[in-house]
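Working notes, structure below.
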Amino acid sequence: MKLRLSDEDAAFRDEMREFFTTKVPQDIRDTVAARRELSKDQFVRAQQTLNEAGLAVPNWPVEWGGKDWTPLQRHIWHEEMQLAHVPIPLAFNASMVGPVIAAFGSQELKERFLPATANLDIWWSQGFSEPDAGSDLASLRTTAVRDGDEYVVNGQKTWTTLGQYGDWIFTLVRTNPDVKKQAGISFLLIDMTSPGLTVRPIELIDGGHEVNEVFFEDVRVPVGNLVGEENKGWDYAKFLLGNERVGVAPVGSTKRLLAQAKEIAGDRLSDPILSSRVAELENGLLALELTALRVVAHSADGKPHPASSVLKLRGTELQQEVTELLVDLAGPDSLASGAGDGSDVPDWSRVATPQYLNFRKASIYGGSNEVQRQIIAGTILGL
Amino acid sequence: MKLRLSDEDAAFRDEMREFFTTKVPQDIRDTVAARRELSKDQFVRAQQTLNEAGLAVPNWPVEWGGKDWTPLQRHIWHEEMQLAHVPIPLAFNASMVGPVIAAFGSQELKERFLPATANLDIWWSQGFSEPDAGSDLASLRTTAVRDGDEYVVNGQKTWTTLGQYGDWIFTLVRTNPDVKKQAGISFLLIDMTSPGLTVRPIELIDGGHEVNEVFFEDVRVPVGNLVGEENKGWDYAKFLLGNERVGVAPVGSTKRLLAQAKEIAGDRLSDPILSSRVAELENGLLALELTALRVVAHSADGKPHPASSVLKLRGTELQQEVTELLVDLAGPDSLASGAGDGSDVPDWSRVATPQYLNFRKASIYGGSNEVQRQIIAGTILGL
Amino acid sequence: MDFTLDSETIALRDAVRGVLGRTYGSSEDRRAVTNDEPGFSEDTWGKLAELGALGLPFSEDDGGAGAGPIEVSVVAEEMGRVLAPEPFVESVVLAGGLVAAAGDDAQRADVLGRLSAGEIVLAAAIVDSSAGGEVTASGSGDSWTLTGVKEPVLHGARADLLVVTARTDEGLGIFLVEADASGLERTGYRTHDGGRAAKVAFDGTPAVRLGSGDQSDVLEDTIARARIAYSHEAIGAMDTAMKTTVEYLKTRKQFGVTLNTFQALKFRAADLYVSMELVRSTVLWSTLVLADAPERAREAAARAKLQVSRAGRHIGQEAIQLHGGIGMTAEYSVGHYMSRLTAIEHWLGDGSDQLRTLAATVGDHGVLDPIG
Amino acid sequence: MDFTLDSETIALRDAVRGVLGRTYGSSEDRRAVTNDEPGFSEDTWGKLAELGALGLPFSEDDGGAGAGPIEVSVVAEEMGRVLAPEPFVESVVLAGGLVAAAGDDAQRADVLGRLSAGEIVLAAAIVDSSAGGEVTASGSGDSWTLTGVKEPVLHGARADLLVVTARTDEGLGIFLVEADASGLERTGYRTHDGGRAAKVAFDGTPAVRLGSGDQSDVLEDTIARARIAYSHEAIGAMDTAMKTTVEYLKTRKQFGVTLNTFQALKFRAADLYVSMELVRSTVLWSTLVLADAPERAREAAARAKLQVSRAGRHIGQEAIQLHGGIGMTAEYSVGHYMSRLTAIEHWLGDGSDQLRTLAATVGDHGVLDPIG
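Chains as they are written, first to last, in our numbering: chain A, 23 to 405; chain B, 23 to 405; chain C, 79 to 450; chain D, 79 to 450.
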C-alpha cells in the first residue's frame, strides 16, 4: 500500500493539468465554472480540442484513438478535467455508442462512425428510455420491422438528453416481439434527419430544456445501420450501461463546486454550524474519491467493479447536497433565478436553485439510486 | 381550534401534578430520575399508591376501577406521570391483560383477577413472542391440548419482559393446528408456579436482565383459565395490541431526559453545535407531543387513531436519539459503565451507555418500526 | 386544547378551495397563469377579495373582516394546496400586516380598505440588496425620502404600493411608497417557483412614514406572522405533493407491477406521512399560539418554520425521487411543489436560521411546554 | 497510489487471524474471556508477542519489529474483526507509542523490549478525571512525583507499567509509573464493551520522566496514531457486524419467507455496504498518510475517526435493528459489536470533536487533495 502517485503517474497528472488549464478555450471553462449551460458549439470545440491531442476517447481501442492507460491514469484524466472546469467528452459519443461500435460493429460501421464520433462531428443522442419503461428498460416497445433492406421503426423514446443537438441517435428497438423481452431487442443507429423522426422538447423543473421526446413514425433505417447481430441488442446495452457506470461519481466537479461554495461563504465560515456542514461534506467527498481510487485499482480486468454502484449512489447524493448548500448560502437571493443583468443578485445565486432543482435528476437518470441499491444488495451482498 | 386547556382540564392537570409529585414515594421517583432499574417492590408500591387513589387503571371500565376520562385527560395523566418520574402502571397488567379480561373474560375471571391486577397483587407476564415468530406473531407454535378439564401446554415463549417477577402469565397458545394460523389461537392465563413451567433469564447487550425465556413442558392449566372462547385468541390479541399503541410515544419521559441532558451540559450549551442538536431534538419532541395531542383529540371513539403508528415510530427514534446524546455528553466517561462507588465518574455517565444500548430495543419490541411503517403504508396510505 | 375548525372556518376554507380549484384545477392551468404577467390571476385576486379573504386579519374599522390567525392560516394552506400564485401572504399578511401594525387610523383605513377590497396589491420591500444597497430614510414628519436598493421584493413590480423598511436616525422605520413615486425604479423578473420578484431602487424617493421610533419589533412580529402563514402554505403544498406521490405509487407500473409492490418505496412513503403529520401538528400549534399566546409567537414561528424546513426538503425531494423521471418535468406537478417549498424555505429565514435562534435560548428552560 | 497489501503483510494478517480465531472463534468464547479477569487472554497476548505483533511499530534497536503503520493497522483490524479484548491499541500503539516518541534509548529498549516480548502490559493514563483531579508533576531530573486522578484508564488495573501525562511547569510531561509505586491507587472495573478500565489516583507517586519540555505535540501525534489504529479496529468490527447481518437476512424466516425477501431490509443492507466501503477507504488512506506523509497525520486521523463515527453508529444501530430482538441479547454477537463501536467512538474524541477540528480549518484550503 502506498499513498503517493508513482513518478510516472505524478508526471501524467501534471501533464493533464497543464493541458486542461491552458489548451482548452477559456470561455468554455468559464461557462462551466459559472455553472451556466454550454452551447453546442462550446461542447464541440472542447471535445475537438481534446481529440486533437488524443485525449477525447482514451477508453477506446488504441487503433481508434484510445490510450493504453492504466485505470488510475484514466481516473486522473477524468478528475483533472473536472477540476479544470473542462466539459467531459460527450458521454453519448465517448462512453456509450463509441465503445459499442468499436466492440460489436462491423469494420464498415467502425470506419464510418468512429472517427466522426470521437471528434464530435456527429452528435449522438441516446434512444433507450421509453415513457412506459423507466427502470424496467427491457420492457421497451419501439418496434423495428424488417422490410427488404430496411427496418421500419415506430414508437417513442424519452429523456433524450440534449437530443435537440443530435445528428444521429442510437436506439434499442424491438425486432422480435415473440420471445422473452430481453431476447428480442436490437441496437440500431438512426439518422435524426430521417423522415418521420421528430424531436419534442421536455421542459424540466428548473425551466431548462435538456431532455426530449423522440417520436418515430414509419422511419426507414437501412439494415446496414444495425450494430452486431439482430436481437442481441440487450447484450450490447448491458455492455454500454456497464461502461456508463465507470467514472460515474462526479467527484472532481463536486469538489470544485464545494470549493466555490467555500469561497462564496468567505467569513461566514466562522459560523461553526456552516463550517461543520462544509467539513462533513468535504469528508464525505474524500471518502467517495478514495473509494473511486480503490475501485479503479481493482478493475484492471476491464470490467466495472461492482462497488461502482456505491460511487453512483453516494456520488449523486453528495452532488445534490452541495447544490443544496449553495441554495442555502444564497438565502433570499436564491429566489431570484430569473433576475436579469440589471439585478444586484450575483450570478452564482441566480443559478443556485435551478441547478439544485436540475440535479435532482442525478439520482434518477442513468440507473436510479434505487436500482443501484438493488444491484448492491443482489450482486454484491447476494441478498 | 384553541391552544389553552379548558379550566377543567387545567385543574385536572394541576391535580395530577400535585398527586404525582407529592404522594408517590420519593425513593421511587429518584430511582427513575437517576435512570436506575426499579426493584419489584418499587414497582408494586408505586402502582399501589396510584391504585389507592384510583389512578392506576383509568382506561378500564368504571366498574372495575376505571375513570370516565376524556382522551385528553388520559393523555395528561400519562404525561404528568412521566414528567414527575413516576413509573407508569405495569403495562402487562394495566394496558394488556386487564382490558382483555374486562372485555372478554367471564364474570368469574373478572372478579378473580381484575382487582388484584389493578393493585399489582398479581404481577402479570406476557407470553406472546416465540423464538421463531418475531414480527410474524401468528405463526406461534406453543400448543395447548385439551385433556379433560385441563389444557396441556408445551412450547416456548421469549422476550418475556420482567418475567422473573411474574406471578401469572397470559399466553397465546395454539389450540387448533389444522386451520389458518390466526384461527387456531387461544388466550390462556397460566400460573407461573405451575409444574413444568420454567423461566430462564436472557442477558441483554447492556448487561441487564429484563427479558426471559419461558418454557412450558406438559404444563396443566384448568380450562377455566381460558379467556373468552377457544380459538378466538387472535381477536383478543389484536384488541390488546391496539391498546398497547395508545400512549406508546414516551413523550414525557423523553422530555424529562432531554431536560436532564441540558442540565448536565450546562455551560457546554454555548457551543452552537451542541445547542443546535438539543434544539433540533426539542423541536422534534414538540412535534411529537403535539401529534399525540392531535391523535388523542381524534380517538374519542375509543379506537386507536391509525396515526398512533407515527407516535411509536418517531417516539422511539427520539428516545434513542436523546439517550445517544447523553452518551456523547459523557464522552470517555461513557465507557466507565462498571465503575463502582469509589469512581470519580458521575452516576449519569455510568448509566449513559447501558441505557443507550438498552433502548435500541424500543424500535424493535412492541411492534418494530418496520411493522409500524407497514401499518402506515397499508392502513393509512392504502399502499 | 382543540385542533378542530369551527363550521364558519370550514365554510371559508371550502369557499377558498372552490375559487382556487376553478383557476388551478390542473398543473397546466397554473403554468399558463404563471407564464403570463403579472404571474397570477387578477380575476382570482378579485374573487378572493369578494370572499373576504384579503381582509381577514384586519379590523372591521380598517375595512377588514376582523378575523384571526386561524382564518388566515386556513386560506394560506389552501393557496399552498394548489400552488396558487396570488400574493396572499406577501400582500396581506406581510405588507398589510406592517401597515396594520404601524399605520395610523387614516393610513390603515385607506390602505387596508383598498387591499381588502382587492383594489390594490401591496408588496413588502424588507430585504436589502445583498450587494450592499441598504435603504436609508431621511426627513421628518410628513416629509421623508428613501435611498438605496431592496432586492428581491416579491411582486415588487406589480405592486400598487410598497411597504418599505429603512434605516432612520431613530432605528428601523416603516414607509409607504407609491408606485409612481419619483426616483423609484422597479425591475421585475420571474422567480424559480413561477412567482415574481423585483429589484426596487430608491433614489430620493418620497415616502410616507408609518408610525415613529424604532420599529424593529413591529417588523419582527409581522415577520413571525408571515412565517406562520407561509408554514401553512407549505403544509398545503406538502400535503398535495405527498398525496400525488402516493397515488403515483399505486398506479405506475414497473417490471409488470405497480410501484407499491416495492416495499422499499412503500416504507419511504410511510416516512413521508410521518413527516407530514409532525409538521402539520407544529404548524397548527404555531397558529394557536399566535391566537392565544402572542407573546410566544416569535418562538412558535421559528419552531414551525424549522419543522417546515425539515419536512419540506424531505417531502419535496422524495416526491421527485419516488416519481422518477416524470417528476423532473415541468409538465408534471411535483417538481413545482418542490420548487415552491424551496422558495418558502429560503424566504424570511431558512431552517438553519430558525435553529440558530432556538439554539441560543435552549438553556433558558427545562422541559418545553407547548401549552404553558 | 496503491491499496493492496504486500505478501508479507498478508502473511502477518493471516497469522494474527489464526491466533485470534482460535481464542475467539465464537461469541461465547469471547464472553467467557471477558467475564474473567483481567478481561483478556494472557495466553493470546503471549501468542501475539510470538508473532511479533506487539513490537510492530518499534525499531529493532528497541526490541521491536521495525514495521510501520500498515502492519499495525492490519493487526488492529483483525482484533476488531473478532472483538479481541487484548489491549493492542491501548498498550502498543498508545502507551508504547508515547514511550517510543518520548523515551531515551535506555527507556525505550527496556520498556518496549519487554512489551514487544509480551512480558508486560502498558496502560496510558492520559484522561484527567472529569471530577477535576488534574494530575500535576513536581520535581526535576530523575526525581518526580505525581498527584491527581486519571479516569478512565483503559486496562489501568492490570497494567504492569503506566504511561502518564501530567502538567509540569514547562507544559505537558510524560511519565512512567511502576505498578507497585507508593501512593498509587488503582480501582479497576468493567467497561460496557467487556473491556477494563480503572480509576488511577496518584498521591506523591514517584515517576520517571520521559523526555523534557512541553510534550503536547508528542501526545497529539501519538493520539493521532492511536485514532488511526482504533479506526482500523472499528472497520474490522463493522465488517463483521455487516456480514453477520447480511447472513441473518438470508437465513431468518418471517411470514414464511427469508428476510431478504423484504426489499426495504435489502435496501438498508445495501446502505450498510455503502457506509462500509466509504469508511474503509478513508481509514486505509489515513494509514497511508501516516506512512508516507506524516505531517498530515493528525488531519488524516481526524478524518478517519469522523468517518468511523458516522459509519459505526449507522452500522452498529442497523445491525441490531435488522436482527430484531435477537440482536438485543448478550448471547448473540451483534450487540457486542455495537457496544465496542460505541466505546471506540467515545475514546480519544468522538465524531463531533473531530468535526470541530476539521471545521476550524475548512477555509484554509480550496479543493481537498487526498494525495498532495
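Think of the CB as a built atom: it goes at the ideal place given N, C-alpha and C, for glycine as much as any other residue.
With a threshold of 16 other CB atoms inside 10 Å of the CB of HIS270/C, please say whether the residue is buried or exposed.
-> As a working mapping, residue 270/C is identified with position 192 in the third sequence. HIS270/C comes out buried.
Taking only runs that begin and end inside the region 85 to 123 of chain D, name each unbroken alpha helix (DSSP H) of 4 or more residues, in chain order. Residue ranges of uninterrupted alpha helix (DSSP H) with 4 or more members, entirely inside the region 85 to 123 of chain D and ordered along the chain, are 85 to 101 and 105 to 113.
- Query: Can you find a C-beta in chain A that's less than 7 Å from the C-beta of VAL150/D?
  - Reply: Against the fourth sequence, residue 150/D aligns to sequence position 72. Chain A has no Cβ within less than 7 Å of the Cβ of VAL150/D.
Checklist line | Given VAL119/B as reference, the closest of ASN247/B, ARG336/B, THR345/B and GLY353/B once Cα atoms are compared | finding: Within the second sequence, numbered from 1, the residue matching residue 119/B stands at position 97. Nearest of ASN247/B, ARG336/B, THR345/B and GLY353/B to VAL119/B, Cα basis: ASN247/B.
Report task. Output the residue ranges of the beta strand (DSSP E) runs that lie fully inside the region 248 to 314 of chain D and measure 3 residues or longer, sorted by chain position. Result -> Runs found: 249 to 256, 262 to 268 and 274 to 288.
Worksheet item: Under the rule that 16 or more other beta-carbon atoms within 10 Å means buried, what is VAL478/D, buried or exposed?
Response: Nothing in the structure corresponds to residue 478/D, since chain D is present only between 79 and 450.
Using a Cβ-Cβ cut-off of 7 Å, state whether GLN341/C counts as contacting chain D. As a working note, residue 341/C is residue 263 in the third sequence. Yes, contact with chain D.
Nearest chain B C-beta to PRO93/A closer than 7 Å, yes or no? On the first sequence, residue 93/A is found 71 positions in, with the first residue counted as 1. Not a single CB atom of chain B sits nearer than 7 Å to the CB of PRO93/A.
Could you check whether the Cβ of PHE253/D sits closer than 7 Å to any Cβ belonging to chain C?
One-based indexing of the fourth sequence puts residue 253/D at position 175. It does not; no Cβ of chain C falls within 7 Å.
Checklist entry - Under 7 Å Cβ-Cβ, which residues of chain B neighbour THR82/C? => result Along the third sequence, read from residue 1 onward, the residue named residue 82/C stands at position 4. What THR82/C touches in chain B: MET23.
- Message: In whole angstroms, give me the CA-to-CA distance for TYR387/B and VAL349/B.
- Response: Position 365 of the second sequence, counting from 1, holds the residue named residue 387/B. Position 327 of the second sequence, counting from 1, holds the residue named residue 349/B. Straight-line Cα distance between these residues: approximately 22 Å.
- Can you give the Cα-Cα distance for TYR267/D and THR122/D, rounded to whole angstroms? Along the fourth sequence, read from residue 1 onward, the residue named residue 267/D stands at position 189. Along the fourth sequence, read from residue 1 onward, the residue named residue 122/D stands at position 44. Taking the straight line joining both Cα atoms gives about 21 Å.
Exercise for review: Measure the C-alpha to C-alpha separation of GLN282/B and ALA209/D and round it to an integer number of angstroms.
Suggested key: Start at 1 with the first residue of the second sequence, and residue 282/B comes out as number 260. Start at 1 with the first residue of the fourth sequence, and residue 209/D comes out as number 131. Taking the CA atoms as reference points, GLN282/B sits about 18 Å from ALA209/D.
Partners in chain A for SER298/B, counting only beta-carbon separations shorter than 7 Å:
Position 276 of the second sequence, counted from the start, is the residue given in the question as residue 298/B. Correct list: ILE295.
Assuming PHE192/A and LEU211/A are in contact, meaning their beta carbons sit under 8 Å apart, how far apart are those beta carbons, in whole angstroms? The residue you call residue 192/A lines up with position 170 of the first sequence. The residue you call residue 211/A lines up with position 189 of the first sequence. PHE192/A to LEU211/A, Cβ: 5 Å. Contact.
message = Counting only Cβ pairs nearer than 8 Å, list the residues of chain C close to PHE345/D.
response = Locating residue 345/D in the fourth sequence gives position 267, counting from the first residue. Neighbours of PHE345/D on chain C, chain order: ALA342.
*asked:* Can you find the residues in the same chain that come closer than 7 Å, C-beta to C-beta, to LEU379/B, ignoring five residues on each side of it along the sequence?
replied: If you number the second sequence from 1, residue 379/B lands on position 357. Hits under 7 Å: ILE227 and ASP228.
### Message
Taking 7 Å as the threshold (beta carbon to beta carbon), is PRO135/D in contact with chain A?
### Response
In the fourth sequence, residue 135/D corresponds to position 57, counting from 1. Chain A, which has no Cβ nearer than 7 Å to the Cβ of PRO135/D, makes this no.
Which residues in chain A have a C-beta closer than 7 Å to the C-beta of MET406/C? List them in chain order.
Locating residue 406/C in the third sequence gives position 328, counting from the first residue. Those are LEU226, ILE227, ARG382, LYS383 and ILE386, listed as they occur along chain A.
Practice problem: Tell me whether ARG395/A sits in a helix, a strand or coil according to DSSP, three-state version. | Solution: Taking the first sequence and counting its residues from 1, the one referred to as residue 395/A is at position 373. Helix at ARG395/A.
Open item on the list: Spatial neighbours of ALA140/A within its chain, please: C-beta separation below 6 Å, excluding the five flanking residues on both sides.
Closed with: Translated into positions along the first sequence, residue 140/A becomes position 118. The answer, listed in chain order, is ASN73, ALA78, VAL79 and GLY87.
DSSP three-state call for SER274/B: helix, strand or coil?
Your numbering for residue 274/B matches position 252 in the second sequence. The sequence shown places Gly at residue 274/B, not Ser. In the three-state DSSP reduction, GLY274/B falls in the helix class (H, G or I).
**Item:** Distance between SER430/C and SER387/C (C-alpha atoms, nearest Å)
**Value:** By 1-based counting over the third sequence, the position of residue 387/C is 309. By 1-based counting over the third sequence, the position of residue 430/C is 352. Between the C-alpha atoms of SER387/C and SER430/C there is a straight-line separation of about 9 Å.
What residue from GLN64/B, SER390/B, VAL344/B and ILE402/B has the CA that sits closest to ASP158/B's CA?
The count along the second sequence starts at 1 and reaches residue 158/B at position 136. Comparing Cα-Cα distances from ASP158/B to each of GLN64/B, SER390/B, VAL344/B and ILE402/B, the minimum goes to SER390/B.
Query raised in the report: In chain A, which residues lie with their C-beta within 8 Å of the C-beta of TYR102/C?
Result: As a first step, residue 102/C is located in the third sequence; it is residue number 24 there, counting from the start. Within chain A, no residue comes near TYR102/C; the closest Cβ sits about 17 Å away, beyond 8 Å.
Residues near THR180/A by beta carbon distance below 7 Å, same chain, minus five either side
Your numbering for residue 180/A matches position 158 in the first sequence. Excluding the 5 residues flanking it on each side, THR180/A has same chain C-beta neighbours closer than 7 Å at SER151, GLU152, PRO153 and GLU235, in chain order.
Count the other CB atoms within 10 Å of the CB of THR215/A; is the residue buried (16 or more) or exposed (fewer)?
What you label residue 215/A is simply residue 193 of the first sequence in a count that begins at 1. Per the 10 Å Cβ criterion, exposed.
* Does the distance from the C-beta atom of PRO111/B to that of GLN69/B stay below 7 Å? -> Within the second sequence, residue 111/B is the residue found at index 89, counting from 1. Within the second sequence, residue 69/B is the residue found at index 47, counting from 1. Yes, these two residues count as a Cβ contact at 7 Å.
Problem - C-beta neighbour in chain C for LEU403/A, strict 7 Å - result: Locating residue 403/A in the first sequence gives position 381, where the first residue counts as 1. Output row for LEU403/A: interface = no.
Q | is_contact[ALA312/C, chain B] using C-beta, thresh 7 Å | A | The count along the third sequence starts at 1 and reaches residue 312/C at position 234. It does not: the Cβ of ALA312/C has no partner Cβ on chain B nearer than 7 Å.
ASP258/D classed as buried or exposed, judged by whether at least 16 other C-beta atoms fall within 10 angstroms
Along the fourth sequence, read from residue 1 onward, the residue named residue 258/D stands at position 180. It counts as exposed.
Given that THR313/A touches chain D, what residues does it touch there, using C-beta distances under 7 Å?
-> Within the first sequence, the letter at position 291 stands for residue 313/A. Chain D residues near THR313/A: GLU355, LEU356 and SER359.
* Using DSSP bridges, identify the partner residues of TRP146/B. => For this step, residue 146/B is matched to residue 124 along the second sequence. Looking at the DSSP output, TRP146/B sits in a beta bridge with TRP190/B.
Taking only beta carbons into account, state which residues of the region 357 to 379 of chain B come closer than 8 Å to chain D, listed in chain order. Those would be LEU357, ALA358, SER359, GLY360, ALA361, GLY362, GLY364, SER365, ASP366, VAL367, PRO368, SER371, THR375, PRO376, TYR378 and LEU379, in chain order.
CB of ILE313/D within 7 Å of CB of MET23/A, strictly
Here residue 313/D corresponds to residue number 235 of the fourth sequence, with the count starting at 1. Here residue 23/A corresponds to residue number 1 of the first sequence, with the count starting at 1. It is not a contact, given that the beta carbons lie outside the stated cut-off.
The beta strand (DSSP E) with LYS242/A in it runs from where to where?
Against the first sequence, residue 242/A aligns to sequence position 220. Checking the sequence, you will find Arg at residue 242/A rather than Lys. In the DSSP annotation of this structure, the continuous segment of the beta strand (DSSP E) that includes ARG242/A starts and ends at 233 to 244.
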